[in-house]
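This report refers to the structure that appears directly beneath it.
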Amino acid sequence: MAIKGAIVVDIEYCKGCGVCVGACPQEVIRLSKKVNGKGYNFAEMQNDACVGCSNCAVVCPDGVITVYRLKV
Amino acid sequence: MSEVRLEDIIKPENKVYSKTDLLTDTVMHYCPGCGHGTAHRIVAEVIEELGAQNNTVGIAPVGCSVLAYNYFNIDVQQAAHGRAPALATAVKRLMPDRLVFTYQGDGDLAAIGTGETIHACNRGENITIIFINNGIYGMTGGQMAPTTLPNMKSSTSPFGRDVEMMGNPLKITELLAQLPGTAYVTRQAVHTPAHVRRTKKAIRKAFDLQAKGAGTTFVEIVSNCNSGWKMTPVDANKWMEENMFPYYPLGDIKIPAE
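Protein chains in written order, with this note's numbering: chain X, 1 to 72; chain B, 1 to 258.
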């Protein structure tokens with residue numbers, strides 16, 4: 001059985017601090033080259049290695065990350 | 001194994017973590033990467049776990065977190081600068097069945113409010129104090145605070161804090177642990193997932209002890225101030241680990257006897 005995870009970032013609330021990038025054990029997250037309405041480079045998934053551990057969401061100061069996990 | 005599409009994972013029944021409803025949808029005014037946001041969220045999560053949304057009164061301080069009442073979806077009273085423990089004392093004595101906590105920074109709790117803090121703890125008021133220590137006055141522009149580290153640069157100590165002239169940093173948490181009124185005194189951090197989870201447990205323990213009437217419970221959270229320290233959020237967290245933690249070691253300082 002494999003575990004597949006995914007995150008959804010609330011782009012307009014993200015401030016691009018990058019704390020989630022270092023907290024991710026799977027190196028799934030990066031800061032986008034695009035910016036949101038306030039000019040912050042928001043966080044986004046860069047690959048599909050996410051396991052839904054929630055580390056990024058737990059450490060996010062603005063609580064912008066929602067985590068999903070599915071056993072397949 | 002067939003390919004799993006993102007749409008199959010992102011479904012409400014697969015959700016494992018999202019921001020708690022005890023925080024409002026207001027955008028926090030804190031700087032990117034500030035520990036305040038994380039601290040707010042874990043306090044809100046603990047209140048949600050306890051099912052105490054309608055039974056909790058928070059006391060906001062003066063400082064960066066003065067606007068905490070905009071973010072917590074609970075009753076919050078804003079106190080005069082440094083006087084949150086005095087206000088919490090009044091709230092708790094008038095409404096003993098409520099869960100009462102103060103949320104204060106180091107400029108509020110350890111500088112102008114030192115007297116209120118020490119006396120509230122010495123009386124053993126049955127409240128929880130959550131203390132965010134970032135070693136600087138963040139809101140007013142990064143001035144030196146009582147908790148600023150030796151040789152640490154701030155806007156009012158541009159050559160570093162000279163302890164000969166400006167005194168030593170105040171370890172108020174260790175000081176309060178000496179008082180007979182405090183039941184639980186701990187120091188935690190919120191810069192990594194493991195520390196966040198540990199801090200959440202500490203806050204839960206503090207609230208549980210308050211419900212039992214154990215006395216004052218005190219949770220210090222060593223945090224960053226990347227704007228005041230003039231660093232990126234990630235660098236500020238690293239600097240905090242290297243410089244703040246040796247002076248402010250993490251862990252329980254006083255735990256109640258079982």
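Where a beta carbon is used, it is the ideal one built from N, C-alpha and C, also for glycine.
Note that the coordinates shown come from a computational prediction; the quantities given were computed from them, not determined experimentally.
How close, in whole Å, do the beta carbons of residue 140 of chain B and residue 99 of chain B come, if the pair is a contact with beta carbons under 8 Å?
For this step, residue 140 of chain B is matched to residue 140 along the second sequence. For this step, residue 99 of chain B is matched to residue 99 along the second sequence. Not really, about 31 Å apart at Cβ, beyond 8 Å.
At what residue ranges does the segment 92 to 157 of chain B contain a whole run of the beta strand (DSSP E), taking only runs of 3 or more?
99 to 105 and 128 to 133
Using a C-beta cutoff of 9 Å, does residue 35 of chain X count as contacting chain B?
The count along the first sequence starts at 1 and reaches residue 35 of chain X at position 35. Residue-level contact check: residue 35 of chain X does not touch chain B, since none of the beta carbons of chain B fall below 9 Å from its beta carbon.
Through-space distance from residue 146 of chain B to residue 126 of chain B, alpha-carbon basis:
As a working mapping, residue 126 of chain B is identified with position 126 in the second sequence. As a working mapping, residue 146 of chain B is identified with position 146 in the second sequence. Roughly 26 Å between the two C-alpha positions.
Can you tell me which of the three DSSP states residue 242 of chain B falls into?
Within the second sequence, numbered from 1, the residue matching residue 242 of chain B stands at position 242. Three-state DSSP puts residue 242 of chain B in a helix.
Taking 9 Å as the CB-CB cut-off, is residue 39 of chain X touching chain B?
As a position in the first sequence, residue 39 of chain X is number 39, starting the count at 1. No, because no Cβ of chain B sits closer than 9 Å to the Cβ of residue 39 of chain X.
Entirely enclosed beta strand (DSSP E) segments - the segment 20 to 59 of chain X, minimum 3 residues:
Qualifying beta strand (DSSP E) stretches, in chain order: 29 to 35 and 41 to 45.
Just mark residue 190 of chain B as buried or exposed, buried being the case when its beta carbon has 16 or more other beta carbons within 10 Å.
Working through the second sequence from its first residue, we reach residue 190 of chain B at position 190. Classification for residue 190 of chain B: buried.
In DSSP terms, what residue 219 of chain B is bridged to:
Here residue 219 of chain B is taken as the residue at index 219 of the second sequence, counted from 1. According to DSSP, residue 219 of chain B shares a beta bridge with B/130 and B/186.
Name the residues in the segment 44 to 64 of chain X whose C-beta lies less than 7 Å from a C-beta of chain B; which are they?
Per Cβ criterion, the list reads 52, 54, 55, 57, 58, 59, 61, 62 and 63.
Could you name the residues of the same chain whose beta carbon sits closer than 8 Å to that of residue 67 of chain B, not counting the 5 residues immediately before and after it, in chain order?
For the purposes of this step, residue 67 of chain B is identified with residue 67 of the second sequence, where counting begins at 1. Result list for residue 67 of chain B: 29 and 60, in chain order.
Residue-chain proximity (residue 1 of chain B, chain X), Cβ-Cβ < 9 Å
As a position in the second sequence, residue 1 of chain B is number 1, starting the count at 1. Low local confidence applies: a pLDDT of 48 at residue 1 of chain B is under 50, so the model's placement there is unreliable, with the coordinate-based value given in what follows. Yes, its Cβ sits closer than 9 Å to a Cβ of chain X.
Under DSSP, the alpha helix (DSSP H) around residue 210 of chain B begins and ends at which residues?
By 1-based counting over the second sequence, the position of residue 210 of chain B is 210. Element bounds for residue 210 of chain B: 193 to 211.
May I have the straight-line CA-CA distance separating residue 163 of chain B from residue 105 of chain B, to the nearest angstrom?
What you label residue 163 of chain B is simply residue 163 of the second sequence in a count that begins at 1. What you label residue 105 of chain B is simply residue 105 of the second sequence in a count that begins at 1. Distance between the alpha carbons of residue 163 of chain B and residue 105 of chain B: 22 Å.
Residue 75 of chain B (DSSP reduced to helix, strand or coil):
Your numbering for residue 75 of chain B matches position 75 in the second sequence. Residue 75 of chain B: strand per DSSP, three-state reduction.
Does the distance from the C-beta atom of residue 22 of chain B to that of residue 3 of chain B stay below 9 Å?
Residue numbering aside, residue 22 of chain B sits at position 22 when the second sequence is read from its first letter. Residue numbering aside, residue 3 of chain B sits at position 3 when the second sequence is read from its first letter. No, the Cβ-Cβ distance between residue 22 of chain B and residue 3 of chain B is not below 9 Å.
8 Å Cβ shell around residue 199 of chain B - same chain, five flanking residues per side excluded
Counted from its first residue, the second sequence places residue 199 of chain B at position 199. Hits under 8 Å: 39, 42, 188, 189, 190, 219 and 221.
In chain B, which residues lie with their C-beta within 7 Å of the C-beta of residue 86 of chain X?
No answer is possible for residue 86 of chain X: it lies beyond the span of chain X, which begins at 1 and ends at 72.
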